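These notes are about the structure you will find just below.
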Amino acid sequence: MQSPQKLRDRLQSEKKVQTSAQQGLKSELDDVSEEIRGLKLGPSQHSRILVTSESHDAPQTTNAALLSRVRNLEARFENLNSEVGGRTHAIEKDLESSLVVSEKRAKKLDELYREASAENEALYDRFNMELSKIANDARTGSADEALKTQLSGALEEIGRLKKENFRLKREVGGLRAQQAAIALLKASE
Numbered sequence: 174m175q176s177p178q179k180l181r182d183r184l185q186s187e188k189k190v191q192t193s194a195q196q197g198l199k200s201e202l203d204d205v206s207e208e209i210r211g212l213k214l215g216p217s218q219h220s221r222i223l224v225t226s227e228s229h230d231a232p233q234t235t236n237a238a239l240l241s242r243v244r245n246l247e248a249r250f251e252n253l254n255s256e257v258g259g260r261t262h263a264i265e266k267d268l269e270s271s272l273v274v275s276e277k278r279a280k281k282l283d284e285l286y287r288e289a290s291a292e293n294e295a296l297y298d299r300f301n302m303e304l305s306k307i308a309n310d311a312r313t314g315s316a317d318e319a320l321k322t323q324l325s326g327a328l329e330e331i332g333r334l335k336k337e338n339f340r341l342k343r344e345v346g347g348l349r350a351q352q353a354a355i356a357l358l359k360a361s362e
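Read in our numbering, the sequence shown has 308 at position 135, and its numbers run on one by one without any break.
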């Protein structure tokens, strides 16, 4: 996968190549036009050419050379057009895949942000609830016993959270392995 900046640079490079090719084609067409203008004969010149056979052969040779040059130019144009079309298609494909990956990343980041915000909110609520309990226990005079109870509850909660965290890490590892297998299958298609 290429970075968006590299893709932009590549696109600019392709545009320069296209512009150069177009200028070359225009120059060649201008040369052909000049030759055609030079071949246009007035009515008096045309009748003189018909009278002499040597003069008649010269325009035919020039016309044949001009026709050959135009055919060569058309073939070059077709090759160039095909090459540019292939390059443009490859760039479009790269840009499309880059866009898809960027969209997936953005969605995942949004999801992670929402989850983190919800988790922070839950932690603040729980902290405030525990703080109010401690304040109430301190007012009633049973602060020592309440702190011991809360400490043992907190230690139990920490143990439970560690187990849950380990279970979730294993699950994430399994999901990543499945995702990698799916990506390999898609790539092989």
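By construction, the Cβ of each residue, glycine as well, lies at the ideal position given by its N, Cα and C atoms.
Just so we're clear, the structure is a prediction, and the values are computed from it rather than from any experiment.
Check	Outcome
Contacts around L268, its chain only, beta-carbon distance under 7 Å, and the 5 residues preceding and following it disregarded	L180
Reduced DSSP secondary structure (H/G/I, E/B, other) of S315	coil
Inter-residue Cα distance where the pair is Q196 and D182	21 Å
Close beta carbons around L198, own chain, < 7 Å, minus the five adjacent residues each side	F250
Straight-line Cα distance separating N245 from G211	20 Å
CB contact check: S186 to chain D, cutoff 7 Å	Absent from the structure: chain D. Only one protein chain is present.
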